[in-house]
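Reading through the structure tokens given below for one structure.
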Amino acid sequence: MRPRVIVNCAMTADGKLAGRSRRQLRISSPQDMERVRELRASSDAILVGVGTVLADDPHLTIKGLPPESNPLRIVLDSNGRTPSGARVLDARARTIIVTTEECERTWPGAETIRCGRGRVDAARLLDLLGERGVDTLMVEGGGEIIFSFFQAGLVDQYLVFVGSQVVGGRDSPTPADGDGLPEESAVRLRLTGSEVLGDGILLSYEVANG
């Protein structure tokens, strides 16, 4: 059985994940950061794209937890661009780099899965993760990865914290970048909750079926 996929992100009031430099931008309030910590702790795995690794170099771990208690870290990297010294490859948790069948690179400290030709096959990856006992997968970004999961119909829940700032920029990343969908094919969501967390608001959606 495929894992339940939860997309979680924080965006500015004008819908940006970061500014035009694409570097990490502190959007979440302290209250939202605590929520994200709890969400990570309740997930079996956390997934990001290589763009997030290159821009932010995250650990993708939960402070205070031993390696065996941290969620599995997954990086989608079709072209093998993850640096050997990236923090996501440290010993704080297990890591899988998911790349394509054409990519021959391996990474010390990480397992490599080759899944798909030309680009990572996300649907096949979910099947493989389900076989490994992953029940809940938290997708944190970036925008290209989030869009690809929506486009493939793989998202179950979408959680977005809207912070109280505006950065603008026609080239600033949004929660769902990529080529975009035709208007008639837009993914339909159902609002299931809203909660004020500090100076922002958390919106919770389920993906509507049919």
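Convert by adding 16 to the 1-based position in the sequence shown; the result is the number in my numbering.
C-beta: ideal position from N, C-alpha, C; glycine also.
#1: With DSSP as the reference, identify every bridge partner of F165, one or two as the case may be.
#2: Give every residue of the same chain whose Cβ lies closer than 8 Å to the Cβ of D172, excluding the five residues on either side of it in the sequence, and list them in chain order.
#3: In the DSSP output, which residue or residues are listed as bridge partners for I78?
#4: Indicate the three-state DSSP secondary structure (helix, strand or coil) for L197 in the structure shown.
#5: Determine contact between the region 147-163 and the region 190-204, defined as no fewer than three beta-carbon pairs at a distance below 8 Å.
#6: Identify the continuous beta strand (DSSP E) that holds R266 and give its terminal residues.
#7: Name the DSSP bridge partner or partners of R53?
#8: Are T122 and T116 touching if we call contact CB-CB under 7 Å?
#9: If I follow the unbroken alpha helix (DSSP H) through E118, where does it start and stop?
#10: State the DSSP-derived secondary structure class of R140, mapped to helix, strand or coil.
#11: Rounded C-beta distance between A57 and I78? I'm assuming under 8 Å.
#12: Relative to the C-alpha of I217, which residue among L205, A138, I62 and F177 is closest?
#13: Any idea what DSSP makes of R103, helix, strand or coil?
#14: What are the start and end residues of the alpha helix (DSSP H) that includes T68?
#15: Determine the contact status of A126 and L105, defining contact as a CB-CB distance below 7 Å.
Considering the structure as presented:
#1: Answer is none; F165 lacks a bridge partner.
#2: R20, V21, I22, E222 and V223
#3: Beta-bridge pairing links I78 to no other residue.
#4: coil
#5: yes
#6: One cannot answer for residue 266 here, as it falls past the ends of the chain, which runs 17 to 226.
#7: The partner list for R53 (beta bridge, DSSP) is empty, contrary to what the question assumes.
#8: no
#9: Per DSSP, E118 belongs to no alpha helix (DSSP H) and is neither H nor E.
#10: helix
#11: 5 Å
#12: F177
#13: helix
#14: V66 to D72
#15: yes
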